[in-house]
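J.: In my numbering, the protein residues as written are 975 to 1535.
Where is the CB? At the ideal position from N, CA and C, for every residue including glycine.
Quick caveat, the model's predicted, so the values are computed rather than measured.
Given below as structure tokens:
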């Protein structure tokens, strides 16, 4: 029996070795050095080392692309438009195409709540929704209201909202959901038939036009609002943390993101993680209204940030399922900026088309089924039977905090969180510390959710999405009973033939000094534990040198072939 077991293990080793690339084999050898295999469970260690080699191989390919990119910064022109997107991996594709469509558009990556720590009270409701990372507590409440002055129309809309809110509360309550289905579920037959046979196809899935009239009221009305001095603080923090403190273009576009799907209990997982699992529309609107405020700009000038009358901020939302972008309040854009606005709109439309084309390769698009790829991708937003409306953050693998010129033009395949960071503008390391304790931590949570749901779907996933039952508003059952399921469904990770998500632990790449990173990790024990316990890795680009942080806190210089 021992001889048979040895033979099985040798065969396993041979197949494992043959499956590795030459670079991965070299990494495998380096990890085996100093390990006494007879003292270890060889099979498990082989799997572990092989996985470490896979992660190392990806990280080296990524670093090779970053460091091989040569950019002549002195030749860059002042941008015609500056566009701020979320660091979300889905924004990477869109930003790349937007810059390719119009070389005079400059893009930035920033956590999608844009520094606006708010809670939003939807129109016609009383309870608020947190629109910031779960690591933070909302500092302010804002109430949505309509500009429309017709009292009858507002009252009618308010009543409908309240009735709808109460009805949804009843049918999703834990004690009422099953009797609800048995008693009045049949009344949904017509609606389901209509959705099945007459679903809209090929139409842009941007928000309805009247939603662009939503107004954020900063006045202290019914306990809501943002005091003026706090508006100045929010504006100052957002611009400094973004690194956008000078050379403003005529038009600055702040774009949140959200996802429109039908019949999807996991819808919040496709929205903005930086906005607490909601769309970032309200955050973008709040940021724009504050930054367009002349009085706020006067206070910013005292802090050394000059926003001239020629700079206008506009808000928008990137709908990630269809890659359409909705612009808000554009009817208030003055004639002086109409040409800039039209240029942006044209670039956004073409970027959306190119992004849909790129994403279609992973969506199993059959071109003969629909007239165009655009039709097929957009149709997924309104198809209530669609198990995979989009891939979300599947295949995420890295977080990069560096100036955009480090990654501009690189085809990162929608796998990286991109956060702009300029160390020369951060002498006291406050921005870098904020990046490490907030966006990096949230990105690691997302990464580990996908990782665990892939490597151990039985324990950490949530099974087959086709037979899920929603239990109130607290969880998912597989079938008609059992434990509440955690993690992601199989359809969010697997296309039916192969895994879409490659389970790699998050590789964090920062352009900064090693001493700066060490200082922050020394102060922030919670983040330090993520690195010490090998949940995420840390790589620093210091000048033209690359340094890798070991689990014990030491640094080793990396040679990238």
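(1) Using 8 Å as the threshold, is the C-beta distance between residue 1291 and residue 1254 below it?
(2) Please classify residue 1264: does DSSP put it in a helix, a strand, or coil?
(3) What are the residues that DSSP puts in a beta bridge with residue 930?
(4) Rounded to the nearest angstrom, what separates residue 1391 and residue 1156 at their Cα positions?
(5) Compute every distance between the C-beta of residue 1321 and the non-hydrogen atoms of the ligand FMN, then say whether any falls below 7 Å.
(6) Which of the three DSSP states, helix, strand or coil, is assigned to residue 1531?
(7) Between residue 1530 and residue 1515, what straight-line distance do the alpha-carbon atoms span, to the nearest angstrom?
(8) Would you tell me roughly how many angstroms separate the C-alpha atoms of residue 1231 and residue 1042, rounded to the nearest one?
(9) To the nearest angstrom, how far is it from the Cα of residue 1258 to the Cα of residue 1082?
(10) Got a sec, what are the start and stop residues for the alpha helix (DSSP H) residue 1209 sits in?
(11) Looking at the secondary structure, which residues open and close the beta strand (DSSP E) in which residue 1448 lies?
(12) What is the DSSP secondary structure of residue 1521, counted as helix, strand or coil?
(13) I think residue 1474 touches residue 1467, with their Cβ atoms under 8 Å apart; what is that distance to the nearest whole Å?
(14) Whole angstroms is fine: what's the gap from residue 1433's alpha carbon to residue 1427's?
(15) Would you call the region 1413–1426 and the region 1364–1384 in contact, with 3 or more CB pairs under 8 Å?
(16) How is the alpha helix (DSSP H) around residue 1071 delimited, first residue to last?
(17) Please confirm if the region 1214–1222 is in contact with the region 1240–1255, defined as three or more CB-CB distances below 8 Å between the two stretches.
(18) I need the boundaries of the beta strand (DSSP E) containing residue 1057, first residue and last residue.
(19) Give the single residue among 1066, 1140, 1460, 998 whose Cα lies nearest to the Cα of residue 1444.
(20) For residue 1393, is the classification buried or exposed, using 16 other Cβ atoms within 10 angstroms of its Cβ as the cut-off for buried?
(21) Along the alpha helix (DSSP H) that carries residue 1411, what are the first and last residues, could you check?
(22) Please report the Cβ distance between residue 990 and residue 1020, rounded to the nearest whole angstrom; I am assuming they are in contact, meaning their Cβ atoms lie under 8 Å.
(23) So, helix, strand or coil for residue 1094, using DSSP?
(24) Where does residue 1220 land, buried or exposed, given buried means 16+ other C-beta within 10 angstroms?
(25) Buried or exposed for residue 1108, please, with buried defined as at least 16 other CB atoms from any protein chain shown within 10 angstroms of its CB.
(26) Relative to the C-alpha of residue 1402, which candidate in 982, 1489, 1376, 1266 has its C-alpha closest?
(27) Using three-state DSSP, classify residue 1473 as helix, strand or coil.
(28) Could you tell me whether the region 1267–1282 touches the region 1108–1119, where touching means 3 or more Cβ pairs closer than 8 Å?
(29) According to DSSP, what are the bridge partners of residue 1227?
(30) Among the candidates 1486, 1354, 1322, 1435, whose CA atom is the shortest distance from the CA of residue 1068?
(31) Where does residue 1300 land, buried or exposed, given buried means 16+ other C-beta within 10 angstroms?
(32) One question on the structure: do residue 1483 and residue 1412 come within less than 8 Å of each other, judged by their Cβ atoms?
(33) Quickly, what does DSSP pair residue 1243 with across the bridge? List them, please.
(34) Per DSSP, which one or two residues make a beta bridge with residue 1391?
(35) Candidates 1078, 1025, 995, 1018: which alpha carbon is nearest residue 1317's?
(36) What do you get for residue 1062, buried or exposed, if any count of 16 or more other CB atoms within 10 angstroms of its CB means buried?
T.: So, from the listed chains and residues:
(1) As a first step, residue 1291 must be located in the chain shown, where it is residue number 317. As a first step, residue 1254 must be located in the chain shown, where it is residue number 280. Contact flag set, yes.
(2) Along the chain shown, one-based indexing puts residue 1264 at 290. Three-state result, residue 1264: helix.
(3) Because the chain is modelled from 975 through 1535, residue 930 falls outside the range shown and cannot be assessed.
(4) Indexing the chain shown from 1 puts residue 1391 at position 417. Indexing the chain shown from 1 puts residue 1156 at position 182. Taking the straight line joining both Cα atoms gives about 45 Å.
(5) In the structure shown, the ligand FMN is absent, as is every other ligand, since no ligand is present at all.
(6) Within the chain shown, numbered from 1, the residue matching residue 1531 stands at position 557. Of the three classes helix, strand and coil, the one that applies to residue 1531 here is strand, per DSSP.
(7) As a position in the chain shown, residue 1530 is number 556, starting the count at 1. As a position in the chain shown, residue 1515 is number 541, starting the count at 1. Using only the alpha carbons, I get a separation of about 12 Å.
(8) Mapped onto the chain shown, residue 1231 falls at position 257. Mapped onto the chain shown, residue 1042 falls at position 68. One C-alpha to the other measures close to 31 Å.
(9) Taking the first residue of the chain shown as 1, we reach residue 1258 at position 284. Taking the first residue of the chain shown as 1, we reach residue 1082 at position 108. Near 14 Å, if we compare the C-alpha coordinates of residue 1082 and residue 1258.
(10) Counting from 1 along the chain shown, the entry for residue 1209 is found at position 235. Where residue 1209 is concerned, the enclosing alpha helix (DSSP H) stretches over 1202–1216.
(11) Start at 1 with the first residue of the chain shown, and residue 1448 comes out as number 474. Where residue 1448 is concerned, there is no enclosing beta strand (DSSP E), given that its DSSP letter is neither H nor E.
(12) The residue you call residue 1521 lines up with position 547 of the chain shown. Three-state result, residue 1521: strand.
(13) Here residue 1474 corresponds to residue number 500 of the chain shown, with the count starting at 1. Here residue 1467 corresponds to residue number 493 of the chain shown, with the count starting at 1. So it is a contact: roughly 6 Å between Cβ atoms.
(14) As a working note, residue 1433 is residue 459 in the chain shown. As a working note, residue 1427 is residue 453 in the chain shown. One C-alpha to the other measures close to 8 Å.
(15) yes
(16) Counted from its first residue, the chain shown places residue 1071 at position 97. Run containing residue 1071: 1063–1075, per the alpha helix (DSSP H) assignment.
(17) no
(18) Position 83 of the chain shown, counted from the start, is the residue given in the question as residue 1057. Run containing residue 1057: 1055–1060, per the beta strand (DSSP E) assignment.
(19) The sequence position of residue 1444 within the chain shown is 470, counting from 1. Closest option to residue 1444, Cα to Cα, is 1460.
(20) Mapped onto the chain shown, residue 1393 falls at position 419. Classification for residue 1393: buried.
(21) Taking the first residue of the chain shown as position 1, residue 1411 is located at position 437. Taken as a continuous stretch (DSSP letters only), the alpha helix (DSSP H) holding residue 1411 covers 1404–1411.
(22) For the purposes of this step, residue 990 is taken as the residue at position 16 of the chain shown. For the purposes of this step, residue 1020 is taken as the residue at position 46 of the chain shown. 6 Å between Cβ atoms; contact.
(23) Translated into positions along the chain shown, residue 1094 becomes position 120. Strand.
(24) In the chain shown, the residue the question calls residue 1220 occupies position 246. Flag for residue 1220 reads exposed.
(25) As a position in the chain shown, residue 1108 is number 134, starting the count at 1. When all chains shown are included, residue 1108 counts as exposed.
(26) Taking the chain shown and counting its residues from 1, one reaches residue 1402 at position 428. Per the Cα distances, 1489.
(27) Locating residue 1473 in the chain shown gives position 499, counting from the first residue. Residue 1473: strand per DSSP, three-state reduction.
(28) no
(29) The residue given as residue 1227 occupies position 253 in the chain shown. Bridge partners of residue 1227: 1057, 1288.
(30) In the chain shown, counting from the first residue as 1, residue 1068 sits at position 94. Considering only alpha carbons, the answer is 1322.
(31) Your numbering for residue 1300 matches position 326 in the chain shown. Residue 1300 is buried by the Cβ-count criterion.
(32) Reading the chain shown from its first residue, position 509 is the one you call residue 1483. Reading the chain shown from its first residue, position 438 is the one you call residue 1412. Not closer than 8 Å, so no.
(33) The residue given as residue 1243 occupies position 269 in the chain shown. DSSP lists no partner for residue 1243.
(34) For the purposes of this step, residue 1391 is identified with residue 417 of the chain shown, where counting begins at 1. Residue 1391 is bridged to 1373.
(35) Position 343 of the chain shown, counting from 1, holds the residue named residue 1317. Ranking 1078, 1025, 995, 1018 by Cα distance to residue 1317 puts 1078 first.
(36) For the purposes of this step, residue 1062 is taken as residue 88 along the chain shown, with counting starting at 1. It counts as buried.
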